[in-house]
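Data block below; observations after.
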Amino acid sequence: MERAAGGVSYQRFPRVRIRELKDDYAKFELRDTDASMANALRRVMIAEVPTVAIDLVEIEVNSSVLNDEFIAHRLGLIPLTSAAAMAMRFSRDCDACDGDGSCEYCSVEFHLAARATDSDQTLEVTSNDLRSTDPKKSCKGILIVKLRRGQELRLRAIARKGIGKDHAKWSPAATVTFMYEPEIRINEELMETLTLEEKRNLVESSPTKVFNIDPNTQQVVVEDAEAYTYDDEVIKKVDAMGKPGLIEINAKEDSFIFTVETTGAITAYELIMNAITVLRQKLDAVRLQDDDADLGELGAHLVGG
Amino acid sequence: MEHGTVEDSSASTFSIAEEEHTLANPARSVLNQDPRVAFCGYSIPHPADNKVNIRVQTTGDPAIDVFKDGLQDLIVMCQHVRGTFDNAVVDFRSKVPAQQMDIDSK
Chain A
390 MERAAGGVSY
400 QRFPRVRIRE
410 LKDDYAKFEL
420 RDTDASMANA
430 LRRVMIAEVP
440 TVAIDLVEIE
450 VNSSVLNDEF
460 IAHRLGLIPL
470 TSAAAMAMRF
480 SRDCDACDGD
490 GSCEYCSVEF
500 HLAARATDSD
510 QTLEVTSNDL
520 RSTDPKKSCK
530 GILIVKLRRG
540 QELRLRAIAR
550 KGIGKDHAKW
560 SPAATVTFMY
570 EPEIRINEEL
580 METLTLEEKR
590 NLVESSPTKV
600 FNIDPNTQQV
610 VVEDAEAYTY
620 DDEVIKKVDA
630 MGKPGLIEIN
640 AKEDSFIFTV
650 ETTGAITAYE
660 LIMNAITVLR
670 QKLDAVRLQD
680 DDADLGELGA
690 HLVGG
Chain B
2 MEHGTVEDSS
12 ASTFSIAEEE
22 HTLANPARSV
32 LNQDPRVAFC
42 GYSIPHPADN
52 KVNIRVQTTG
62 DPAIDVFKDG
72 LQDLIVMCQH
82 VRGTFDNAVV
92 DFRSKVPAQQ
102 MDIDSK
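Chain order of the listed sequences is A and B.
Residues in the first sequence are numbered consecutively from 390, following my numbering.
Residues in the second sequence are numbered consecutively from 2, following my numbering.
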């Protein structure tokens, strides 16, 4: 590994294998790294990958059964298609408009106008009724409010870029989890001493279907190691049977199985890629900090103190 | 960012504003892999303070250099995972056709 600064490197190079990848769901293995890296990735996906969400609502008319703030809150929670969010500006950093929603770099404006006509049919106002000046629009019909005959809802909403750390409505992640890959070892020699009944009891002792009995050989086999929830039930059972060491289960501390589900604001692929980009940006920001200026200030403080 | 002792450059505390476990924990773990590091740990002094303190003590090298090398390692690692993940996706896509989101399939 070469480095421009002439320093020394001790890092590892993780491997990735994808098991499943849909628009809103991904399952993959991350190997040859440690829990701190896996956890950083998980935390960034949940709280620091930017999306766009409605942040400011001006209500013109609201005669629905829900009050203004209730509707504003519901609007905020609607996942908006946020593929462009990474390239947008945070409105607090936006020089063009001071974040008042008048500029295309940091905000998207929506209008909603719905009125239930004089029929007995209840009108369902959904996210599809949000009309945007920009072609970016909400992805699917999410119910906002139901209107009875004669009721009306008219409003203007401004969507802004944000992150889940500031408010959960900006979090693109529905669930992000990782687990250690379990490594299950069966002591076959000791297993031979068990009767079929004992083997059945052993298999049954696990609350999830981790083990099974091979119908032909009548041996206990690992059916699905990843179904193991680290509940220790089989281990307790084995000890209770007086056969310690019959089954050993260890967590492989450098292999992780990630499950990623998004809200639909961005795809699972974008979520993972953006998370890595964001993490990198954070590291860059700290590394390239102008430390001399700060040291001067602190140095003066130390001398003074 | 600010850092501790001016006289002894081999031991410093880096105080990073607006960061938390997400950055500090991988930094700590990468620095502990480095044989030049005698001690490295981090703390968040108070949950209401939006900052994290990372302590680095080395066997002689300037702590700031070692710290920056550690961050550089993490950056390289991020780039590596990004590249690896992208390759894995291309690999996966070549085997499995893309599936659509089943949002309105009720």
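Idealized CB from N, CA, C, for every residue including glycine.
* N-terminal and C-terminal residue of the alpha helix (DSSP H) that Phe402/A is part of -> Walking along the first sequence from the start, residue 402/A turns up at place 13. That residue, Phe402/A, is in no alpha helix (DSSP H); it is neither H nor E in DSSP.
* Check whether the Cβ of Gly693/A lies closer than 8 Å to any Cβ atom in chain B. => In the first sequence, counting from the first residue as 1, residue 693/A sits at position 304. Note on Gly693/A: pLDDT 38, under 50, position unreliable in the model; no value is reported.
* How close, in whole Å, do the beta carbons of Ser13/B and Ile65/B come, if the pair is a contact with beta carbons under 8 Å? -> As a position in the second sequence, residue 13/B is number 12, starting the count at 1. As a position in the second sequence, residue 65/B is number 64, starting the count at 1. In this structure, Ser13/B and Ile65/B form a Cβ contact; the two beta carbons are roughly 6 Å apart against a cut-off of 8 Å.
* Segments of 3+ residues assigned as beta strand (DSSP E) that fall wholly inside the region 430-471 of chain A -> Runs found: 440-451.
* **Length-filtered (3 minimum) beta strand (DSSP E) runs lying within the region 64-97 of chain B** => The qualifying runs do not exist here; there are none.
* C-beta atoms of Arg478/A and Lys558/A nearer than 8 Å -> As a first step, residue 478/A must be located in the first sequence, where it is residue number 89. As a first step, residue 558/A must be located in the first sequence, where it is residue number 169. In this structure, Lys558/A does not lie closer than 8 Å to Arg478/A by Cβ.
* Asked: Can you name, in chain order, every residue of its own chain whose Cβ lies under 7 Å from the Cβ of Asp621/A, other than the five neighbours on each side?
  -> For the purposes of this step, residue 621/A is identified with residue 232 of the first sequence, where counting begins at 1. Excluding positions up to five away in sequence, the list is empty.
* Between which two residues does the alpha helix (DSSP H) carrying Pro571/A extend? -> In the first sequence, residue 571/A corresponds to position 182, counting from 1. If you look at Pro571/A, you'll find it isn't in any alpha helix (DSSP H); it sits in the beta strand (DSSP E) that goes 562-575.
* To do: Note down the Cα distance separating Phe40/B from Val627/A, rounded to an integer number of angstroms.
  => Within the second sequence, numbered from 1, the residue matching residue 40/B stands at position 39. Within the first sequence, numbered from 1, the residue matching residue 627/A stands at position 238. Spanning the two alpha carbons is a distance of roughly 41 Å.
* To do: Within its chain, find whatever has a CB closer than 6 Å to the CB of Glu541/A; leave out the 5 residues flanking it on each side and keep chain order.
  => Taking the first residue of the first sequence as position 1, residue 541/A is located at position 152. For Glu541/A, where only same-chain residues beyond five positions count, the Cβ hits under 6 Å are Val450, Ser452, Arg504.
* For Met434/A, which residues from the same chain have a beta carbon less than 8 Å from its beta carbon, with the 5 sequence-adjacent residues on both sides left out? -> Within the first sequence, numbered from 1, the residue matching residue 434/A stands at position 45. Counting only Cβ-Cβ distances below 8 Å, and skipping sequence neighbours, we find Pro561, Ala562, Val565, Val649, Leu660, Ile661, Ala664.
* **Status (buried if at least 16 other CB within 10 Å, exposed otherwise) for Leu677/A** => Taking the first sequence and counting its residues from 1, the one referred to as residue 677/A is at position 288. Leu677/A is exposed by the Cβ-count criterion.
* **Arg420/A and Asp643/A closer than 8 Å at C-beta** => Taking the first residue of the first sequence as position 1, residue 420/A is located at position 31. Taking the first residue of the first sequence as position 1, residue 643/A is located at position 254. Cβ distance < 8 Å, so Arg420/A and Asp643/A count as in contact.
* In whole angstroms, what is the alpha-carbon distance linking Tyr619/A and Lys641/A? -> Looking up residue 619/A in the first sequence gives position 230. Looking up residue 641/A in the first sequence gives position 252. If I take the Cα positions, the gap works out to 12 Å.
* Can you list, in chain order, the residues of its chain whose CB lies under 6 Å from that of Arg574/A, leaving out five sequence neighbours each side? -> One-based indexing of the first sequence puts residue 574/A at position 185. If the five residues before and after Arg574/A are omitted, its C-beta is found closer than 6 Å to the C-beta atoms of Glu637, all from its own chain and listed in chain order.
* To do: Could you check what DSSP says for Gly634/A in three-state terms: helix, strand or coil?
  => The residue you call residue 634/A lines up with position 245 of the first sequence. In the structure shown, Gly634/A adopts coil according to DSSP, grouped into three states.
* Flag Asn51/B as yes if its beta-carbon sits less than 8 Å from any beta-carbon of chain A, otherwise no. => For the purposes of this step, residue 51/B is taken as the residue at position 50 of the second sequence. Taking Cβ atoms only, chain A never reaches closer than 8 Å to Asn51/B, which makes this a no.
* **Residue burial classification, Val67/B (beta-carbon count within 10 angstroms, cutoff 16)** => By one-based count along the second sequence, residue 67/B stands at place 66. Burial of Val67/B is indicated by the presence of at least 16 other C-beta atoms within 10 angstroms of its C-beta.
* Taking Cβ positions only, does Pro403/A come closer than 8 Å to chain B? -> The sequence position of residue 403/A within the first sequence is 14, counting from 1. For Pro403/A, the nearest beta carbon of chain B is closer than 8 Å to its own beta carbon.
* Opposite Ile646/A in the DSSP bridges: which residues? -> Stepping through the first sequence from its first residue, residue 646/A is reached at position 257. DSSP lists Glu418/A, Met568/A as the bridge partner or partners of Ile646/A.
* For the beta strand (DSSP E) containing Tyr43/B, list its first residue and its last residue. => Translated into the one-based positions of the second sequence, residue 43/B becomes position 42. Counting along the chain, the beta strand (DSSP E) containing Tyr43/B begins and ends at 38-44.
* Determine the direct distance from the alpha carbon of Asp9/B to that of Leu691/A, and round the result to whole angstroms. => Translated into positions along the first sequence, residue 691/A becomes position 302. Translated into positions along the second sequence, residue 9/B becomes position 8. The predicted position of Leu691/A is uncertain, since its pLDDT is 43 and thus under 50; no value can be drawn from it.
* Can you give the Cα-Cα distance for Met102/B and Phe647/A, rounded to whole angstroms? -> Your numbering for residue 102/B matches position 101 in the second sequence. Your numbering for residue 647/A matches position 258 in the first sequence. Any answer about Met102/B is weak, because its pLDDT of 49 lies below 50 and its placement is not dependable; what the coordinates show is given next. Rounded to the nearest angstrom, the two C-alpha atoms are 19 Å apart.
* For Arg404/A and Gln608/A, the rounded distance between their alpha carbons -> Here residue 608/A is taken as the residue at index 219 of the first sequence, counted from 1. Here residue 404/A is taken as the residue at index 15 of the first sequence, counted from 1. Approximately 34 Å, taken between the alpha carbons.
* Going by alpha carbons, who is nearest to Ser521/A out of Ile443/A, Met630/A, Phe402/A, Met580/A? -> Taking the first sequence and counting its residues from 1, the one referred to as residue 521/A is at position 132. Minimum Cα distance to Ser521/A is reached at Ile443/A.
* By Cβ distance below 6 Å, which residues in the same chain neighbour Asp412/A in space, the five residues on each side in sequence not counted? -> Locating residue 412/A in the first sequence gives position 23, where the first residue counts as 1. So the list reads Thr656, once near-sequence residues are dropped.
* Range of the contiguous beta strand (DSSP E) that encloses Asn601/A -> In the first sequence, residue 601/A corresponds to position 212, counting from 1. It spans 600-602 - the beta strand (DSSP E) in which Asn601/A sits, taken as one unbroken run.
* Asked: What is the DSSP secondary structure of Ser11/B, counted as helix, strand or coil?
  -> The count along the second sequence starts at 1 and reaches residue 11/B at position 10. Here Ser11/B sits in coil by DSSP.
* Proximity to Gln34/B [Cα-Cα], best of Ala18/B, Ser11/B, Pro46/B, Leu72/B -> In the second sequence, the residue the question calls residue 34/B occupies position 33. The shortest C-alpha separation from Gln34/B is found at Leu72/B.
* Using a C-beta cutoff of 8 Å, does Arg83/B count as contacting chain A? -> Start at 1 with the first residue of the second sequence, and residue 83/B comes out as number 82. For Arg83/B, the answer is yes, since a Cβ of chain A falls inside 8 Å of its Cβ.
* **Cβ-based contacts, 9 Å cut-off: residues of the region 70-82 of chain B near chain A** => The region 70-82 of chain B vs chain A, Cβ under 9 Å: Asp70, Gly71, Leu72, Gln73, Asp74, Leu75, Ile76, Val77, Met78, Cys79, Gln80, His81, Val82.
* Asked: Would you say Ala64/B reaches chain A, if we count a Cβ-Cβ gap shorter than 8 Å as a contact?
  -> For the purposes of this step, residue 64/B is taken as residue 63 along the second sequence, with counting starting at 1. Not an interface residue.
* Asked: Hey, quick one: how far does the beta strand (DSSP E) through Glu541/A stretch, first residue to last?
  -> Within the first sequence, numbered from 1, the residue matching residue 541/A stands at position 152. Start and end: 541-551.
* Is the beta carbon of Asn131/B sitting closer than 8 Å to the one on Asn639/A? -> The question about residue 131/B has no answer, for chain B in this structure spans 2 to 107.
* **Start-to-end residues for the alpha helix (DSSP H) that takes in Asn605/A** => As a first step, residue 605/A must be located in the first sequence, where it is residue number 216. Going by DSSP, Asn605/A is part of no alpha helix (DSSP H) at all; its letter is neither H nor E.
* To do: Measure how close the beta-carbons of Glu593/A and Asn601/A come, nearest whole angstrom, since I'm counting them as under 8 Å.
  => For the purposes of this step, residue 593/A is taken as residue 204 along the first sequence, with counting starting at 1. For the purposes of this step, residue 601/A is taken as residue 212 along the first sequence, with counting starting at 1. Wrong, their Cβ atoms sit about 11 Å apart, outside the cutoff.
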